[in-house]
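*Asks:* Residue 266 in the working numbering sits at position 136 of the sequence shown; the count goes up by one each step and never skips. For each residue, glycine too, the CB sits at the ideal point set by N, CA and C. All figures in this text were calculated on a predicted structure; none of them were measured in a lab. I'd like to ask you about the structure that follows.
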Amino acid sequence: MSVPPQPVSADPFGPEWFQTARGGLDDADAAILQQAADWVREPLRDARASTGEALDAHAAAVVLILRDLDTDAATRAAALLAVQPVPAGEVSRTDPLRKAFGAEITTLVQGVRALLRLGAVAGRAGDGSGADQKEMQRKMLLAMAADLRIVLMRLASRLQSLRWHAASRTPCPPEFARETMALYTPLANRLGIWQLKWEMEDLSFRFLEPDTYKTIARQLEEKRTERETFIEDVMARLQAALAEAGIRAELSGRPKHIYSIWNKMRIKHLEFRQLFDLRALRVIVEDERACYAALALVHAMWTPVPEEFDDYIARPKPNGYRSLHTVVADAEGRAFEVQIRTRDMHHFAEYGMAAHWRYKEAGARGGQVSAAGEYDQKIAWMRQLLSWKDEGGAAPAPEAQPDARIYVMTPQARVLELPAGATPVDFAYLLHTDLGHRCRGARVDGQIVPLSTPLRTGQTVEITAAKSGGPSRDWLNTQLGYLASPRARAKVRAWFNAVELQQRIAQGQTLVEKELQRLGRTAVNQEHLAQQLGFARADDLYVAAAKEEFSLRQIDHVLRDPEPAREQPDEARVYASDAGSVARTGKSGVLVVGVDSLMTQLARCCRPVPPDAIEGFVTRGRGVSIHRRDCASWAALAQRHPERCIEVDWGQTGQTMYPVDLSIHAQDRPNLLRDLSEVFARLRLRVVRVTTHSRRSLAHMVFTVEVRDGEQIRQALAAVNELPGVQAGRQ
């Protein structure tokens, strides 16, 4: 893989370069590459990159890197043409580049230039970008590349820049090396192109940590002769054993990568001498069966090191890497690593997705692994994109591409992820809810655009906001296309719901205050009044009044002064406000048979009321819990703990009021809650709690009311069931 940088000469695109660069191409494809070289020869002459490297030498070297990946002629030609500094706006259907090289190469050139612009903008973010932002940049870089070949050209260009710094001894800016480690090497790893990844890591590490790099390199060199002699001896013994077993195999030593050595020492807290894979060899066999046969032979010849075996054939890595890794030790205790794989696995291990230009993966699934997220799904789609050309089939349809996300940037180069089709309004809401509410305009790449403009990956978006205000109702109109994000749409709805709620509260408060003025009771505490009417807060009372779900006449019933006792019939005295409530007094009126002075409490699961048949259950620390005999919870408790069951009966309940739950099912309609409340008010039953649920035009309500006995429950249910479309029962 390693290709030395090309020396700067009068013509970097000379015959010697061309013979190497055209490797693997037929005459027609080679002619395209020659045409591209002739096209850029004069424009690039004496031109320099910002680093100081000659652009023509850079382009020539990038093509040689792509040649080692065995890319097609279009990729190599585009790599040359993309270096020419032509403004993106000039690349159109009528421009000379499209006429000379066709749509495919022109599209690749446009993609590379877009990634170069992305790199320039992302560079403004500096080293302050966190890990999440670096991952976002990687996603955006990949999303901007409709074809994986564009990413390969960008990776090859970055590698050549690093090689030039090393060969010319020109100081490499630390931010350049850090960006490589943070953005490009993880991307190469995700794509499985380890040859590029390892070299970029080593070169970047050399520039960032020169002393550590030199120390490890010196330690490797000191033991090199001894290590090579050891590996040659092991390879000779293993080659003979494999041949005797009838296993055809190629053996080689595995190269050492200084950054990976340092990383392993750092992560595992190891000394240099403790590393197992400093001595390593690779075995390449014909098929998977031979892999496991060779593994058995290795384990029979040397002693395996416990917990140092990995089967990446049965369990491939997420990026598709497959191989057998084992560490064994000889009789003197010298450990070494052995990697065993097929030739197809080896090419994928070396070139990752680029291996699809050379070989098809073995097996029906082509060595692919299932993609968990959209990012990985796009990588899987790119694999298909590369393989269909060799297989002669149809290309995957664009709509099949799982590109449901876009990646755009703030003016500060912060990358944000949005759903496809997102607009500047979606972008504003993702930044901050308040910014979304106040959004009034937008600039995309410096140009003013309508707020309904769909954004594209790689664009820079700037929002113009008012000092105050809220969203437009037009934003909720799907036909106008202002919002594509469900999250942003929910925030707009929440804003209007909050405004509507405040309007209803104000409207309802006015109605309640007018009713209190009519009754001459303006000094009443409205929070306390709401609780007397069964509402948790005054705002809930106001909303119910505004929605006509509550009758204002009930205020008169609650505030009316009690009549003299001599004028009250006996039945009315039973429901007077001073009657004892179990909830307030804690006195249930239940007697425990044979025991005095035991604390009792009515179970909330069934809420017994005289004259229900009841049973008692002795709890821990809360006295005796009283249940109805037909209560399902009681039956379960009695079955588990029969020894804690106790006989109880009703005593003198007098005027004690008991809470009972009434379950009501009805067709949801306006004024339903008001009609039900009027029924309970007419029966002089105190409502202490109401819960309501509505779904698909059906309403389910639970009213907790206080009654004296079962007869009042019967009267209440009969009265409620007389309402049209209402069914009620005891819960």
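Quick one: what does DSSP say glycine 859 is sitting in, helix, strand or coil?
*Replies:* strand
*Asks:* Determine the direct distance from the alpha carbon of histidine 757 to that of valine 850, and round the result to whole angstroms.
*Replies:* 26 Å
*Asks:* Going by CA-CA distance only, name the one from Pro448, Gly450, Pro740 and Gln469 that's closest to valine 458.
*Replies:* Gln469
*Asks:* What is the C-beta distance between alanine 208 and leucine 238, in whole angstroms, given that I count them as a contact (C-beta under 8 Å)?
*Replies:* 4 Å
*Asks:* What are the uninterrupted segments assigned as alpha helix (DSSP H) that are 4 or more residues long and contained completely in the stretch 398-479, given in chain order?
*Replies:* 418-431
*Asks:* Measure the beta-carbon distance from leucine 548 to leucine 560 and round it to whole angstroms, keeping in mind my assumption that it falls under 8 Å.
*Replies:* 6 Å
*Asks:* How many whole angstroms separate the CB atoms of valine 720 and valine 778, which I take to be in contact at a CB cut-off of 8 Å?
*Replies:* 5 Å
*Asks:* Using three-state DSSP, classify threonine 822 as helix, strand or coil.
*Replies:* strand
*Asks:* What residue does the beta strand (DSSP E) around proline 789 start on, and which one ends it?
*Replies:* Run containing proline 789: 788-797, per the beta strand (DSSP E) assignment.
*Asks:* Verify whether the separation of the beta carbon atoms of alanine 424 and valine 435 is less than 8 Å.
*Replies:* 8 Å or more divides the Cβ of alanine 424 from the Cβ of valine 435.
*Asks:* Output the distance between the C-alpha atoms of tryptophan 147 and arginine 197, rounded to the nearest integer angstrom.
*Replies:* 11 Å
*Asks:* Note down, in chain order, each residue of its chain lying with its Cβ closer than 8 Å to the Cβ of glutamate 234, except the 5 sequence neighbours on either side.
*Replies:* Ala204
*Asks:* To which residues does DSSP link valine 688 through a beta bridge?
*Replies:* None; valine 688 has no bridge partner.
*Asks:* Near serine 763, which residues of its chain fall below 8 Å by C-beta distance, leaving aside the five closest residues on each side in sequence?
*Replies:* Ala733, Cys735, Cys736 and His757
*Asks:* With a Cβ-Cβ cutoff of 8 Å, do valine 579 and phenylalanine 557 count as a contact?
*Replies:* no
*Asks:* Just tell me which of Gln662, Arg683, Leu828 and Leu427 has its CA closest to the CA of valine 818.
*Replies:* Gln662 is the residue among Gln662, Arg683, Leu828 and Leu427 whose C-alpha sits nearest the C-alpha of valine 818.
*Asks:* My assumption, with CB atoms under 8 Å, is that proline 584 sits in contact with glycine 551. Please give the rounded CB distance.
*Replies:* Contact between proline 584 and glycine 551 holds: CB atoms are separated by about 5 Å, below the 8 Å threshold.
*Asks:* Is it the case that the Cβ atoms of alanine 244 and glycine 588 are separated by a distance below 8 Å?
*Replies:* Judged by their CB atoms, alanine 244 and glycine 588 are nearer to each other than the 8 Å cut-off.
*Asks:* For the beta strand (DSSP E) containing methionine 311, list its first residue and its last residue.
*Replies:* DSSP places methionine 311 in no beta strand (DSSP E); its state is neither H nor E.
*Asks:* Using only the heavy atoms of the ligand PLP, determine whether one of them is closer than 7 Å to the beta carbon of alanine 552.
*Replies:* By its list of ligands, the structure shown contains no ligand whatsoever, and the ligand PLP lies outside what it can speak to.
*Asks:* What are the partner residues of valine 170, as DSSP defines its beta bridges?
*Replies:* Per DSSP, none; premise fails for valine 170.
*Asks:* Beta-carbon within less than 7 Å of serine 681's beta-carbon, same chain only, minus the 5 sequence neighbours each way: which residues are those?
*Replies:* The answer, listed in chain order, is Arg804, Ser807 and Glu808.
*Asks:* Could you give the distance in angstroms between the alpha-carbon of threonine 456 and the alpha-carbon of phenylalanine 439?
*Replies:* 4 Å
*Asks:* What does DSSP give as the partner residues of alanine 184 in its beta bridges?
*Replies:* Arg178
*Asks:* Report the residue from Leu606, Tyr537, Arg568 and Arg573 whose alpha carbon sits nearest the alpha carbon of arginine 586.
*Replies:* Ranked by Cα distance from arginine 586, the first of Leu606, Tyr537, Arg568 and Arg573 is Tyr537.
*Asks:* Would you mind giving the Cβ-Cβ distance between leucine 546 and threonine 540, rounded to the nearest angstrom? I have them listed as a contact below 8 Å.
*Replies:* 7 Å
*Asks:* Out of Leu185, Arg206, Ala184 and Glu183, which has the shortest C-alpha to C-alpha gap to leucine 194?
*Replies:* The residue among Leu185, Arg206, Ala184 and Glu183 with its C-alpha nearest the C-alpha of leucine 194 is Arg206.
*Asks:* CB-CB under 7 Å to leucine 185, same chain, minus the five flanking residues each way: which ones, in chain order?
*Replies:* Leu174, Ala177, Arg178, Ala179 and Val213
*Asks:* Do you know whose CA, among Ala796, Ala846 and Asp839, lies nearest serine 824's CA?
*Replies:* Ala796
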